[in-house]
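Heads up: the structure comes next, in structure tokens.
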């Protein structure tokens, strides 16, 4: 186990945008941001895979392409093709997955706000540092962009998950109607409300300078 259990979250999103990593070490808050981002990025259907526990503790460093572009149809297929004698089990699993996301949002939103606030202070302080090398300036800006990209990634992931849950619920309702659909719909509505908590950054502007 390393000190930066889910440090790959930042590295992956930077690589997607062609931005080199910052040489600065992660702060405690930045490390926690990545740890709390991970379960909101990993698709719910991968939580039962053999590598899920290893990834939770940062031992596998596994990243699957589908984690970056979440397809709502994938979740529906995974759930609806499960071998089970009880359709109630399918509704229960869907509802549990939605609830799990709901309880994870507030802790992530809290640390995201803290990190973004510290980055805003860092940005202001750059103008007052007596001796600041070009390398330090780049590393600071790269880290701030990395943090914003992680927050944006989680927000997009949650929007995709909400679409996936609702798409799956609709499939269940038309194929195997159940009174359990009411609770699933209620939880989904609550999730949509909570997702607004992590809409903390716009699409982050990426200056060409940070790619050098």
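In this note's numbering, the protein residues as written are -14 to 197. Even for Gly, the Cβ is constructed at its ideal location relative to N, Cα and C.
- Secondary structure note for residue 20: its alpha helix (DSSP H) is the uninterrupted segment 13 to 26.
- Per DSSP, the unbroken alpha helix (DSSP H) holding residue 110 starts and ends at 72 to 110.
- Burial state of residue 132 is buried, judged by a 10 Å Cβ sphere holding 16 or more other Cβ atoms.
- A distance below 6 angstroms between beta-carbons, with the five flanking residues on each side excluded, links residue 8 to the following residues of its chain, in chain order: 124.
- The beta carbon of residue 100 lies closer than 7 angstroms to those of 14, 15, 18 and 132 in the same chain, with the five residues before and after it left out.
- Rounded to whole angstroms, residue 90 and residue 146 show a C-alpha spacing of 13 angstroms.
- Taking C-alpha positions only, residue 115 is separated from residue 129 by approximately 20 angstroms.
- For residue 88 and residue 126, the gap between their C-alpha atoms comes out near 31 angstroms.
- Between residue 11 and residue 83, the beta carbon gap of about 31 angstroms keeps them out of contact (Cβ cut-off 8 angstroms).
- Contact between residue 65 and residue 156 holds, with the beta-carbon distance rounding to 6 angstroms and staying under 8 angstroms.
- In this structure, 154 is the residue among 134, 154 and 185 with its C-alpha nearest to the C-alpha of residue 81.
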